[in-house]
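Q: Sequential numbering of the sequence shown, starting at 87, is according to the working numbering.
Beta carbons: idealized from backbone N, C-alpha and C, even for Gly.
Let me give you the structure first, and then I'll get to my questions.
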Amino acid sequence: MLNYAFDIIEGIISLYFVVLSIYCGAVSTLVIAPYIESGGFYKEAAVARIGGIVYAIGSVALYMLIRIFL
């Protein structure tokens, strides 16, 4: 039963997922954050920028952990 759950997790956290996550993190950091900042919302732009970076790095770290331990 637990093996089956691990197989599902490995299927979800694939290289395709990581590429999409890096793309979304880059868009959040490079496109959305400056747009929010141009509206005068500086703290929200900082959250979007940091969130994009964490999203991209977190997906790579999660992928590496899944590949190492499963």
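(1) Can the beta-carbon of Ile95 be found less than 8 Å from the beta-carbon of Ile152?
(2) Among Phe155, Gly144, Leu156 and Ile154, which residue has its Cα nearest to the Cα of Val105?
(3) How long is the line joining the alpha carbons of Pro75 and Ala131, rounded to whole angstroms?
(4) Quick check on DSSP: helix, strand or coil for Ser114?
(5) Please state whether the Cβ-Cβ distance between Ile99 and Tyr141 is less than 8 Å.
(6) Are there 16 or more other CB atoms within 10 angstroms of the CB of Gly97, so buried, or fewer, so exposed?
(7) Less than 8 Å separating the beta-carbons of Ile139 and Gly111?
A: Well, looking at it:
(1) yes
(2) Gly144
(3) With the chain represented from 87 up to 156, any question about residue 75 goes unanswered, as that position is not in the structure.
(4) In the structure shown, Ser114 adopts helical secondary structure according to DSSP, grouped into three states.
(5) For Ile99 and Tyr141, no; Cβs fall outside 8 Å.
(6) exposed
(7) yes
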